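Q: Let me begin by handing over the structure; questions about it come next.
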Amino acid sequence: MNASTLLASGGFVSPGSHDFVFKPLFGNNILFTKPVFQAILAAILVAVFFLISSRKAAVVPSRTQFFGESVYSFVKKDLGEDIIGHEFMKFVPFLFSLFTFIIVNNIFGIVPFMQFPTMSRFGFPVALMIFTYVIYHYVGIRKHGLGKYLKDIAFVPGVPKWIYVILTPLEIATYFIIRPFTLAIRLFANMFAGHLLLLVFIMGGDYMLHNSMVLKIMSPLSFGFGIGLTFFEFFIECLQAYIFTLLTALYIAGAIADEH
Amino acid sequence: MSTQILLLASEEAGLPIIPTLTEVIVGLIAFSLLFIVMKSKVVPRFEKAFADRTDAIQGGMERAEQAQQEAAAALKSYQDQLSDARGEAQKLREEARAQGAAIIEEMRTKAQEEANRITAAARASIEAERQQAVTSLMQEVGTIATNLASKIVGEALDDQVRQSRVVDRFLADLEGSK
Chain A
1 MNASTLLASG
11 GFVSPGSHDF
21 VFKPLFGNNI
31 LFTKPVFQAI
41 LAAILVAVFF
51 LISSRKAAVV
61 PSRTQFFGES
71 VYSFVKKDLG
81 EDIIGHEFMK
91 FVPFLFSLFT
101 FIIVNNIFGI
111 VPFMQFPTMS
121 RFGFPVALMI
131 FTYVIYHYVG
141 IRKHGLGKYL
151 KDIAFVPGVP
161 KWIYVILTPL
171 EIATYFIIRP
181 FTLAIRLFAN
191 MFAGHLLLLV
201 FIMGGDYMLH
211 NSMVLKIMSP
221 LSFGFGIGLT
231 FFEFFIECLQ
241 AYIFTLLTAL
251 YIAGAIADEH
Chain B
1 MSTQILLLAS
11 EEAGLPIIPT
21 LTEVIVGLIA
31 FSLLFIVMKS
41 KVVPRFEKAF
51 ADRTDAIQGG
61 MERAEQAQQE
71 AAAALKSYQD
81 QLSDARGEAQ
91 KLREEARAQG
101 AAIIEEMRTK
111 AQEEANRITA
121 AARASIEAER
131 QQAVTSLMQE
141 VGTIATNLAS
151 KIVGEALDDQ
161 VRQSRVVDRF
171 LADLEGSK
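Line by line, the protein sequences give chains A and B. Residues in the first sequence are numbered from 1 upward in steps of one, following the UniProt record's numbering. Residues in the second sequence are numbered from 1 upward in steps of one, following the UniProt record's numbering.
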């Protein structure tokens, strides 16, 4: 991917969306690219790790089990119980899978030799958003019935009648378009921008190193920024995994709440 | 030149906001499989571990409470037994004291009686001996006096009657002078 930028002998080609396009990993199979491989790898890694850490399910946990339990308890308590309330338990497996899958895919962004956040390919956040979207509407409809669920969304109780002229289209748009769209976009854009930012400093430093003496001297500054931003990216990657799961929990909580 | 390449690149890439169908499908499948594993295996196992732990802690606490109750019951029973034993000992001591006192009293009475008896016997024996002594002395004195008198008088007082009369008179004098 860097070949095209280095190709520009003389001028610096800034990193851009072309850095998010990958050649097929094997031969001409255009479907199997690096992000696709990473998504599958993340699912396998997460599944295997948690299967191993929960294998014994001992009363006195090993270190691995303790770590797995800590992550699980965090999702169960902070994202499940505290937000969804008494019906939270049936959503815990979903929230847990969501959080762990996203965080591992995000952290791939700073893992050496991978260094690409899977979620910066828009298709993956969209796939996860589809789950969230289907689930929160499904549980809402199942709990309240289709008619009441839609009525609760469209006509928020406790406002003057004429406000519905404005509010009803807004509410419908919120629940059916804006929420899923922003949910996927937020994760995608954060990962995309973060990766781009790292590319700018690392590739910029690389470019400077191969240029005039003044730029050579200044290039460590750029690399330094790149390294600092890597830590920052780690924080953002964890945060975005948390936010995606948190919002999913909030949407589910809203859908099954007695009053919208 | 650079703008040309950039353009070329973005044309090749397409807009990043357009999702690739492959990625959506891979995402859906990979996540579904992960979800199935989590739901069927990982979550139940963790929940079981939590339940076991709660059980272990709660069971431990219940056992401890039970043990404490047992210990308290045992202590109470020991204390009861101890106080019973104390009461018993007290009773026994009093009985023993009473018995001792009775025995001493009895012994004292017996000793007193024995002493009295011995004293009485001694007194009787003394009296008898004295009587004997007196009788014997009187005869002795009579004989001596008679002998003396006959020597003094120079006459044999063979006559039994006279002799006896003289002796009696002498004795009566003797007693009268006393």
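Note that beta-carbon positions come from the ideal geometry of N, C-alpha and C, so glycine has one too. The structure presented is a predicted model; accordingly, all values stated were derived computationally and were not measured.
(1) Which of helix, strand or coil does DSSP assign to Asp-78/A?
(2) When DSSP labels each residue in this structure, what does Met-114/A get in the three-state scheme?
(3) Determine, using beta carbons only, whether residue 180/B comes closer than 8 angstroms to chain A.
(4) Label Tyr-251/A either buried or exposed according to how many other C-beta atoms from any shown protein chain fall within 10 Å of its C-beta, with 16 as the threshold for buried.
(5) Hey, is residue 181/B's beta-carbon within less than 8 angstroms of any beta-carbon in chain A?
(6) Which residue's Cα is closest to the Cα of residue 346/A: Thr-20/B, Ala-56/B, Val-42/B, Ser-40/B?
(7) Just checking: is the beta-carbon of Leu-199/A within a distance shorter than 8 angstroms of some beta-carbon in chain B?
(8) Short of 6 angstroms in beta carbon distance, which residues of its chain neighbour Ser-53/A, apart from the five on each side in sequence? Order them along the chain.
(9) Are the beta-carbon atoms belonging to Ala-43/A and Leu-33/B less than 8 angstroms from one another?
(10) Count the other CB atoms, across all protein chains shown, that sit within 10 Å of the CB of Lys-151/A; report buried if there are 16 or more and exposed otherwise.
(11) Consult DSSP for Ile-29/B and reduce its assignment to one of helix, strand or coil.
(12) Under the three-state reduction of DSSP, which class applies to Glu-233/A: helix, strand or coil?
(13) Let me know the alpha helix (DSSP H) ranges lying completely inside the stretch 51–109 of chain A, each 4 residues or longer, listed in chain order.
(14) What in chain B is Cβ-close to Tyr-72/A, meaning under 7 angstroms?
(15) Contact criterion: CB-CB distance below 8 angstroms. Does Lys-76/B meet it with respect to chain A?
(16) In three-state DSSP terms, what is Asn-147/B?
(17) Per DSSP, what kind of secondary structure is Pro-180/A in: helix, strand or coil?
(18) Please decide whether Val-47/A counts as near chain B, where near means a Cβ-Cβ distance under 8 angstroms.
(19) The alpha helix (DSSP H) that contains Asp-19/A, what's its start and end?
(20) Please classify Asp-19/A as buried or exposed, where buried requires at least 16 other C-beta atoms within 10 Å of its C-beta.
(21) Would DSSP call Phe-225/A helix, strand or coil?
(22) Output yes or no for whether 8 angstroms exceeds the beta carbon distance between Ile-172/A and Ile-141/A.
(23) Hey, is the stretch 74–85 of chain A in contact with the stretch 96–103 of chain A, meaning 3+ C-beta pairs nearer than 8 angstroms?
(24) Hey, Asn-79/A and Met-129/A are a contact pair by Cβ (cut 8 angstroms); roughly how many whole angstroms apart?
(25) Return the residue from the list Asp-206/A, Gly-224/A, Phe-225/A that minimises the CA-CA distance to Lys-216/A.
(26) Counting only beta-carbon atoms, is Met-61/B nearer than 8 angstroms to chain A?
(27) Residues of chain B with a CB under 8 angstroms from the CB of Leu-128/A: which are they?
(28) Quick one: which chain A residues come within Cβ less than 9 angstroms of Ala-49/B?
(29) Helix, strand or coil, according to DSSP, for Asp-80/B in the structure here?
(30) Can you look up Ala-257/A in the DSSP assignment and give me helix, strand or coil?
(31) Name the two residues that bound the continuous alpha helix (DSSP H) containing Ile-18/B.
(32) Candidates Pro-125/A, Phe-22/A, Pro-117/A, Ser-14/A: which alpha carbon is nearest Gly-27/B's?
(33) Just the C-alpha distance for Pro-157/A and Phe-50/B, rounded to the nearest angstrom, thanks.
(34) List the endpoints of the continuous alpha helix (DSSP H) containing Tyr-164/A.
(35) Hey, is Gly-123/A's beta-carbon within less than 8 angstroms of any beta-carbon in chain B?
(36) If you draw a straight line from the alpha carbon of Ile-185/A to that of Gly-11/A, how long is it in whole angstroms?
A: The relevant details are as follows:
(1) helix
(2) coil
(3) Outside the displayed span of chain B (1 to 178) sits residue 180/B, for which this structure offers no information.
(4) buried
(5) Outside the shown range of chain B, which is 1 to 178, sits residue 181/B, and nothing can be said about it.
(6) Residue coverage of chain A in this structure runs from 1 to 260, which leaves residue 346/A outside it and unanswerable.
(7) no
(8) Thr-64, Gln-65, Gly-68
(9) yes
(10) exposed
(11) helix
(12) helix
(13) 63–74, 92–107
(14) Phe-46
(15) no
(16) helix
(17) helix
(18) The identity of residue 47/A in the sequence shown is Ala, whereas the question assumes Val. For Ala-47/A, the answer is yes, since a Cβ of chain B falls inside 8 angstroms of its Cβ.
(19) From DSSP, Asp-19/A is part of no alpha helix (DSSP H); its letter is neither H nor E.
(20) buried
(21) helix
(22) no
(23) yes
(24) The identity of residue 79/A in the sequence shown is Leu, whereas the question assumes Asn. So it is not a contact: roughly 17 angstroms between Cβ atoms.
(25) Asp-206/A
(26) no
(27) Gly-27, Phe-31
(28) Ser-54, Lys-56, Ala-57, Ala-58, Val-59, Pro-61, Gln-65, Glu-69
(29) helix
(30) coil
(31) Careful: Ile-18/B lies outside any alpha helix (DSSP H) and carries neither H nor E.
(32) Pro-125/A
(33) 41 angstroms
(34) 164–173
(35) yes
(36) 32 angstroms
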